[in-house]
Every structure is written in C-alpha cells, then in structure tokens.
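Take a look at the structure set out below.
Residue numbers (the working numbering), protein chains in the order written: chain Y, 1 to 102; chain U, 1001 to 1102; chain W, 2001 to 2102; chain G, 3001 to 3102.
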C-alpha cells in the first residue's frame, strides 16, 4: 500500500470539497475516535460468535468504518508529519521490551 | 507499506505472547477504540494552536498511539478478512457520490 | 434526581422493547462509548468559540447525546450494582489526594 | 442525587486546582470520551461471563471510570446549561416514539 500516494489523494479529495480548513490535528483525532466508535457500534449488540461470523451487510458496514478510520489516520499522519510505518516499528520495539515473548 | 507482511509479523508477535486467544473481532474493535481515545487524550487539553505544534515528548506519545491504532486495525483486517486498501477504495467511491466535488 | 427511580423506569422501558437480553455489562460499556463518540461528533468540526455558543439545533443534538450517555451509565450502574453517587464520592477523594488543591 | 450541588462542588474542586480554563465544552467532551474508553478498557479482554462477574479490583476500576465519566458529564451539563434530567426526559419521549413498546 503506497501511503504517501493515498495521503496525496485524500488531501486532494478533501480540498475539492472544502474540508481542508477543518483538518487540524485536534479535529482529526476527534473525527478518528468517532469512526472508531462507529466500528464499535457495528459489534456492540453481537455475541462474540456473531461478531466472528459477520453477515454480508454487517461486513460491508465494518469495511466502511475501517476505511473511514484509516482515512483519518492517514490524514493525521500527513498533517503531523508522523510517518505510520516508522511509528509502528518504533512502538513494536517498545512493546517487545515491555512484554518479552514467552 | 507491505500490509500482509505486517499482519503476519503482528500475528507472530501476539502468538509469542499468548495474546491470540483474546483477539476476536469484538475485543479487537474495543481495543482499537481505546487506542483512539488515548490519541484523543494526547490532544484533549491543548488549544488548536498547541495541537498543531506538538513538542517532542507529545509527538512521541502521539506516534505511539497512532501505531497502536494501526496495529489493531491491521489485526482486525486479518481476522475479519477485510482488506484495508480495497475497503478504502470502495468507501472513497461512496463518499465521492454522497459529497460531489465543488 | 432520583437515580433508582430512573433506573427502574429505564429497565421497564428496555424490557418493553425486548432489549434487556443485550444489556450485559460488556455490551453496555460499548454502547456507552458509542454515545460518547456521538457527543464528540457534535463538536468535532467546531472551533472552541463555536462550541461555546451552540445554535439551538446543535444544542438539542448535544442534549440528546448527553441523555443517551446518562441512560447507559444508569443501566450499567444497575446491572453492575455500582452506585453512582458513592463511586463519585470515592473517586473524588482519590483525586484530591493525587492532585492537592493549590 | 443533588446534581446542582455536585456541579457546584466539582466546579470548586476544579477551580482549586487551576483546571477551570481547560473546561470548555469541546475539551470536556473529548475528556468524557476518553473516560468512556477507559471504561471499555476494563472490559475489553473479558468474556461476557467474566464481565458479568467482576472481581473486587476490576469492580473498583470500573467504579472509578464510571465516576470520571459522570464528573465530566456533570461539568459539561454545567458549562452548556443543558440540564441532565430534562434532557433524559425529552430523549426518552423521542425514543418511545421511534421504538414503540412491543
């Protein structure tokens, strides 16, 4: 997945709709947390068993919310200049120290 | 960014720590929403101006939370079989229909 | 505000709609976090100034989300047996120790 | 529960610690959503069965997070002037119309 290409595409998409002025970091993290909650909403009344065997409509809703979340994460990455893959690598190293493999 | 490679790596990381049994979709979305909130927490008392000019310590905390969020998103993608880039492409097409460019 | 009376009323309301079987603690906290996010959604694109001077429609939306949140909090209190006022008193004492008055 | 008395008490508590300048509506809803997530965190890796039978330590953590959530809800109610019990009454009437009793 070419993250910089996606970020440029999403930026253009937002600019074409006049959304860019709203996309400061504080607003973007709020929007991102709302999308996370919409993902939770897809699962809130399901049993663990139902959650593990989503019906097609549920599956599409989940995919849409995951996409929304990733959209805001990519935009937050762009406006803060925090590169996602480097952040993942750095965090995984910290977690490995904190929780050694068994 | 090679998403399947990262997903395999994260799966191995979790398996090495005995975390896999907890990673069903319902739990993963809860964990993901918690990480989203931890990201919100980094910004909650900042003015928009402070949020746009993070100090190094704040920046590292934000990077860590973004990484945690992406970790769970990649794992949710793996356990549900919902491919992130395809989901993003599909959702962007829907949003383009709903909100035409100006 | 008579919390036990409200809890009984909300329980009857849910029972009358067949919602009670879904109201276990895990589901209720998920639902509660979704309502918190819907409250965030009301504010996400507002400047601090706009957020401090809500228009009537915005104000009604905020009131509705606050009500939804309180509804789930009251239900969670009922199903867990955790009494809200006692919890508030106990937590405030802890916070007072952790952060002494200036 | 005497909500106005609690609101006055919480306001004094915040003022005594210099927190009042941060308590605008936008910040308060962010803080509130973070507390909702901390509540989710208490439950995220529990099975529904474990969630329904909390151990004493877990129970105390849940009570603390419920208290934090209520604290911010009371403060948000104060700064917005949205009265909680009236909001609950109004919202319940709407929900009754939308979802009639069976």
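Built from N, CA and C at the ideal position, the CB exists for glycine as well.
Sequence-distant residues of the same chain with beta carbon closer than 7 Å to residue i, five excluded per side
{"i": "residue 3031(G)", "result": "3072"}
{"i": "residue 2083(W)", "result": "2077"}
{"i": "residue 2066(W)", "result": "2039"}
{"i": "residue 3074(G)", "result": "3003, 3006, 3007, 3010"}
Proximity test, Cβ basis, 9 Å: residue i and chain U
{"i": "residue 2062(W)", "result": "no"}
Residue i versus residue j: straight-line alpha-carbon distance, rounded
{"i": "residue 39(Y)", "j": "residue 1064(U)", "result": "21 Å"}
{"i": "residue 2089(W)", "j": "residue 1052(U)", "result": "37 Å"}
{"i": "residue 96(Y)", "j": "residue 86(Y)", "result": "15 Å"}
{"i": "residue 29(Y)", "j": "residue 76(Y)", "result": "7 Å"}
{"i": "residue 91(Y)", "j": "residue 2099(W)", "result": "30 Å"}
{"i": "residue 3061(G)", "j": "residue 3079(G)", "result": "27 Å"}
{"i": "residue 101(Y)", "j": "residue 93(Y)", "result": "12 Å"}
{"i": "residue 1002(U)", "j": "residue 1034(U)", "result": "25 Å"}
{"i": "residue 2015(W)", "j": "residue 2021(W)", "result": "9 Å"}
{"i": "residue 3055(G)", "j": "residue 1017(U)", "result": "24 Å"}
{"i": "residue 2019(W)", "j": "residue 1059(U)", "result": "43 Å"}
{"i": "residue 3041(G)", "j": "residue 3057(G)", "result": "14 Å"}
{"i": "residue 2027(W)", "j": "residue 1081(U)", "result": "24 Å"}
{"i": "residue 1047(U)", "j": "residue 3049(G)", "result": "42 Å"}
Beta-carbon contacts of residue i that lie in its chain and below 8 Å, excluding the five residues immediately before and after
{"i": "residue 2012(W)", "result": "none"}
{"i": "residue 69(Y)", "result": "32, 35, 36, 39"}
{"i": "residue 24(Y)", "result": "79"}
Contact with chain G by residue i, beta-carbon distance below 9 Å
{"i": "residue 79(Y)", "result": "no"}
{"i": "residue 2057(W)", "result": "no"}
{"i": "residue 1033(U)", "result": "yes"}
Residues that residue i contacts on chain C, provided the C-beta gap is smaller than 7 Å
{"i": "residue 3048(G)", "result": "The structure shown has no chain C; the protein chains it does contain are Y, U, W and G."}
Short CB-CB distance (under 9 Å) between residue i and chain W
{"i": "residue 6(Y)", "result": "no"}
{"i": "residue 3097(G)", "result": "no"}
{"i": "residue 75(Y)", "result": "no"}
{"i": "residue 37(Y)", "result": "yes"}
{"i": "residue 44(Y)", "result": "yes"}
Own chain, CB closer than 6 Å to residue i, minus 5 neighbours either side, in chain order
{"i": "residue 1043(U)", "result": "1051"}
{"i": "residue 45(Y)", "result": "none"}
9 Å Cβ cutoff, residue i in contact with chain Y
{"i": "residue 2041(W)", "result": "yes"}
Q: Give, in chain order, every residue of the stretch 2017–2031 of chain W whose Cβ lies closer than 9 Å to some Cβ of chain U.
A: 2026, 2029, 2030
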